[in-house]
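Residue numbers (full-length UniProt numbering): 1 to 283.
And the structure:
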């Protein structure tokens, strides 16, 4: 174990190594976008599929590395220079990180077909006491949100399943393993049999943010990745007659989608920043 002198020395060595890596990448940028690399981390990689596909087509020579990480892991990766950018659905701990909010959306309760709550439109947390709950492992935003909501209501959650991939929560709920919290955006997965309910809790939402290390050099490849016009999130999939596409322009404070045949008549999708705002953040 290092004493305080060794710890201080190691901190300075790490800083020098990061500066050398930034210098190497800055020099490599002079070769243009035929080469280079960009590393991105997110709590679920499904968030990145659309933008990565477009970037690969436009810049096939650039190496893209993706990491699935918790909030703490992403913060450590940014400080170590292992990743350029992170998509985070909860605040990343520590100083020297620059954050740009991309969207804020409601988090809904998903219940499987045949559940006792399927005829409800709204539920209170007290209604969920004793229910088997499907979520992620600790450190990922769905688990952290559930912990916070249940603690505020004075309820001990019954976690029946804690998975490594937030994107599989809906499938596990549809399989009848329990109920769980899912972002409103996940309703696009129409192959999942289930019903989505509003939760009567003031803090039942998630905020998706783009995070970078404030003092780090951001490569041309990393900046170009987010200059792509189009959606950052995966577009919903499914049959148009069951779920009309989102409007091209937001209505009021966000795009409004109506989906009939569900216990929820509508939900609001509210981007807090356009892609163009994110572009400025990356420059």
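C-beta: ideal position from N, C-alpha, C; glycine also. All values derive from a computational prediction rather than experimental measurement.
Which stretch, first to last residue, makes up the alpha helix (DSSP H) that contains residue 179? Position 179 of the chain shown holds residue 179. Neither: residue 179 is in no alpha helix (DSSP H) and is coded neither H nor E.
May I ask you to report which of helix, strand or coil DSSP gives residue 169? Translated into the one-based positions of the chain shown, residue 169 becomes position 169. When DSSP states are grouped into helix, strand and coil, residue 169 belongs to the helix group.
Bridge partners for residue 114 per DSSP, in chain order? For the purposes of this step, residue 114 is identified with residue 114 of the chain shown, where counting begins at 1. Residue pairing by DSSP places residue 114 opposite no residue, since no beta bridge is assigned to it.
So does the region 109–120 actually touch the region 63–71, counting three or more Cβ pairs closer than 8 Å? No, the region 109–120 does not touch the region 63–71.
For residue 59, the first and last residue of its enclosing alpha helix (DSSP H): Looking up residue 59 in the chain shown gives position 59. Taken as a continuous stretch (DSSP letters only), residue 59 belongs to no alpha helix (DSSP H), as it is neither H nor E.
Do you know how far the Cα of residue 196 is from the Cα of residue 120? In the chain shown, residue 120 corresponds to position 120, counting from 1. In the chain shown, residue 196 corresponds to position 196, counting from 1. For residue 120 and residue 196, the distance between alpha carbons rounds to 9 Å.
If we count the other Cβ atoms within 10 Å of its Cβ and call it buried at 16 or more, is residue 2 buried or exposed? Residue 2 sits at position 2 when you count from the first residue of the chain shown. Looking at its Cβ environment, which holds fewer than 16 other Cβ atoms inside 10 Å, residue 2 is exposed.
Taking its Cβ as the centre, do 16 or more other Cβ atoms sit within 10 Å of residue 194, making it buried, or is it exposed? Within the chain shown, numbered from 1, the residue matching residue 194 stands at position 194. So residue 194 ends up on the buried side.
Could you tell me the boundaries of the beta strand (DSSP E) in which residue 162 lies? Along the chain shown, one-based indexing puts residue 162 at 162. Start and end: 158–163.
Given this structure, state the Cα-to-Cα distance separating residue 107 from residue 93, to the nearest angstrom. Taking the first residue of the chain shown as position 1, residue 107 is located at position 107. Taking the first residue of the chain shown as position 1, residue 93 is located at position 93. Distance between the alpha carbons of residue 107 and residue 93: 22 Å.
How about residue 214 and residue 90: are their beta carbons less than 8 Å apart? Position 214 of the chain shown, counting from 1, holds the residue named residue 214. Position 90 of the chain shown, counting from 1, holds the residue named residue 90. It is not a contact, given that the beta carbons lie outside the stated cut-off.
Assuming residue 39 and residue 82 are in contact, meaning their beta carbons sit under 8 Å apart, how far apart are those beta carbons, in whole angstroms? The residue given as residue 39 occupies position 39 in the chain shown. The residue given as residue 82 occupies position 82 in the chain shown. Correct: roughly 6 Å between the Cβ atoms.
Is the distance from the Cβ of residue 46 to the Cβ of residue 87 below 8 Å? Locating residue 46 in the chain shown gives position 46, where the first residue counts as 1. Locating residue 87 in the chain shown gives position 87, where the first residue counts as 1. With contacts defined by Cβ atoms closer than 8 Å, residue 46 and residue 87 do not form a contacting pair.
Roughly how far, in whole angstroms, is the beta-carbon of residue 85 from the beta-carbon of residue 222, given that I think they are within contact range, below 8 Å? On the chain shown, position 85 is the one that residue 85 refers to. On the chain shown, position 222 is the one that residue 222 refers to. Indeed, because the Cβ distance is near 6 Å, the residues count as touching under 8 Å.
Reducing DSSP to helix, strand and coil, say where residue 174 ends up. On the chain shown, residue 174 is found 174 positions in, with the first residue counted as 1. DSSP, reduced to helix, strand and coil, places residue 174 within a helical segment of the structure shown.
If we count the other Cβ atoms within 10 Å of its Cβ and call it buried at 16 or more, is residue 72 buried or exposed? The residue labelled residue 72 in the question sits at position 72 within the chain shown. Per the 10 Å Cβ criterion, exposed.
Beta-carbon contacts of residue 123 that lie in its chain and below 8 Å, excluding the five residues immediately before and after: If you number the chain shown from 1, residue 123 lands on position 123. Answer for residue 123: 109, 117, 197, 198, 199, 200, listed in chain order.
Mind reading off the beta-carbon distance from residue 101 to residue 209? Whole number of angstroms is fine, and I expect it under 8 Å. What you label residue 101 is simply residue 101 of the chain shown in a count that begins at 1. What you label residue 209 is simply residue 209 of the chain shown in a count that begins at 1. Separation of the CB atoms of residue 101 and residue 209 is rounded to 5 Å, and the pair is thereby assigned contact status at 8 Å.
Throw me the rounded Cβ distance for the residue 303 and residue 167 pair, which I believe falls under 8 Å. No answer is possible for residue 303: the residues shown for the chain start at 1 and end at 283.
Rounded to whole angstroms, how far is the Cβ of residue 169 from the Cβ of residue 142, which I believe are closer than 8 Å? Counted from its first residue, the chain shown places residue 169 at position 169. Counted from its first residue, the chain shown places residue 142 at position 142. Their Cβ separation, rounded to whole angstroms, is 6 Å, which keeps residue 169 and residue 142 in contact under 8 Å.
Option in 59, 70, 217 with minimal Cα separation from residue 138: Numbered from its first residue, the chain shown carries residue 138 at position 138. Selected option, being the one with the closest Cα: 70.
Indicate the three-state DSSP secondary structure (helix, strand or coil) for residue 50 in the structure shown. By one-based count along the chain shown, residue 50 stands at place 50. Helix.
Measuring from the CB of residue 150, is there a heavy atom of the ligand HEM at a distance below 7 Å? Ligands displayed in this structure: none; no statement on the ligand HEM is therefore possible.
With a 10 Å radius around its C-beta and 16 neighbouring C-beta atoms as the bar for buried, classify residue 57 as buried or exposed. Here residue 57 corresponds to residue number 57 of the chain shown, with the count starting at 1. By the neighbour-count rule (16 or more Cβ atoms within 10 Å), residue 57 is not buried but exposed.
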